[in-house]
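Q: Provided herewith is a single structure, encoded as structure tokens, for subsequent inquiry.
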Amino acid sequence: MSLYRKYLRKKRSLLSMLSPTFSTKLLYKEYFGKSLDLKNPETLNEKIQWLKLNTYNNNHLVTQCADKYQVRKYVEESGCSEILNDLINVWDSVDKIEWDILPNKFALKVNHGCGYNIICNDKSKLNIKRAEAQLEKWMKEDFWKFRAEINYKYIPKRIICEKYIETESGLLPDDYKFYCFNGEPKFVMLCVGREKGRPKFYYFDREWNLMLYTRDAIENPDIKIEKPDGIDEMFKYAEKLCKPFPFVRADFYLDKGKTIFGELTFTPSAGLDTKRLPETDKILGDFLKLPIDNKR
């Protein structure tokens, strides 16, 4: 990380501690080049910011479910324990990891943020010292401060180790991201071509109709992507898990035909997704009804 990026991160962290709202407004202006309207939010990005500051900032269930470890309890209590990935171990510090007894393939996650993952498909090739240094760095970070995502603030930091998931051909599985609005999953976003380094993103509704919500879909409106056998089951699981929340994204994988829970994300891209088409941002925002909508 460059010195300038380190400076920006420290500045943002300080602002988030002093005023999450002010920090959020500055970030939004920086990303989108316009002011954030919290009184009349319309797009999904704007409404995520509103939820972050007004609903998800002091919600114990949201904090639990944003925690990559404690969310497992919520999944169990929701009657969905069968979709949890196998938990190999959990630690509260890097020096407690016993690398020798870990399987040859595994996935490590630090639980209090996003992007804190180490995927190991061959332990003999893993640079353990480098992995430990990376985990130490993540454990020292207060992820919530970077973009004022208060829902991560009170998560006790842990490292979890889960079973490595792969397809029958040995590739990483597709990631199915379900966008859930006011307790109902409306769409699933599928990323294809990730292994080739040219990922393309497509939204499908519950009947597996392609929605023209991404540039990839607009450029390939006749693309045929076969409906996965487990997609209806995943929609049902997403519906169970999203019930208490105004908005959440529920992620799943298919492990040789079996649905596996990934995570629940309440503030995707911290509500700063500049890659989403503006018209799509507005369409998705229309699906999300906020408490203030009735007052306008």
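Quick note, the sequence shown lines up with residues 751 to 1046 if you use the working numbering. Cβ atoms here follow ideal geometry from the backbone N, Cα and C, with glycine treated the same way.
1) How many whole angstroms separate the CB atoms of Y806 and V812, which I take to be in contact at a CB cut-off of 8 Å?
2) Run through DSSP, which three-state label would W841 get?
3) Using the DSSP secondary-structure output, state which residues sit across from P791 in a beta bridge.
4) Quick check on the DSSP output: the beta strand (DSSP E) that includes I868 runs from which residue to which?
5) As an exercise, report each continuous beta strand (DSSP E) stretch of at least 3 residues that is fully enclosed by the segment 983-1026, in chain order.
6) If you count every other CB in all the chains shown that lies within 10 Å of the CB of D955, and 16 or more means buried, which is it?
7) Just the C-alpha distance for D1031 and W849, rounded to the nearest angstrom, thanks.
8) Give me the Cα-Cα distance between P949 and R1026, rounded to the nearest whole angstrom.
9) Tell whether a beta-carbon distance below 9 Å holds between R999 and P1018.
10) With a Cβ-Cβ cutoff of 9 Å, do A988 and F928 count as a contact?
11) Using a Cβ-Cβ cutoff of less than 7 Å, which residues in the same chain neighbour D1005 once the five nearest sequence positions on both sides are dropped?
12) Based on the DSSP secondary-structure assignment, which residues constitute the bridge partners of F951?
13) Quick check: the Cα distance between K936 and L1034, rounded to an integer number of angstroms?
14) Would a C-beta distance cut-off of 9 Å place Y781 and L1022 closer than the cut-off?
15) Among I798, L837, C815 and K895, which residue has its Cα nearest to the Cα of S769?
16) Please name the residue or residues paired with C911 in a DSSP beta bridge.
17) How would you call W800, buried or exposed, if buried means at least 16 neighbouring beta carbons within 10 angstroms?
18) Is it buried or exposed, S919, if we count other Cβ atoms within 10 angstroms and call 16 or more buried?
19) Exposed or buried, what is E796 when buried is set at 16 or more other beta-carbons lying within 10 Å of its beta-carbon?
20) So who's on the other strand from F695, going by DSSP bridges?
A: In brief:
1) 5 Å
2) strand
3) Its beta-bridge partners do not exist; DSSP assigns none.
4) N867 to C870
5) 997-1005 and 1008-1015
6) exposed
7) 44 Å
8) 14 Å
9) yes
10) yes
11) I915 and P923
12) C941
13) 9 Å
14) yes
15) K895
16) N839 and L858
17) buried
18) exposed
19) buried
20) This structure does not reach residue 695, given that the chain is present from 751 up to 1046, and the question cannot be answered.
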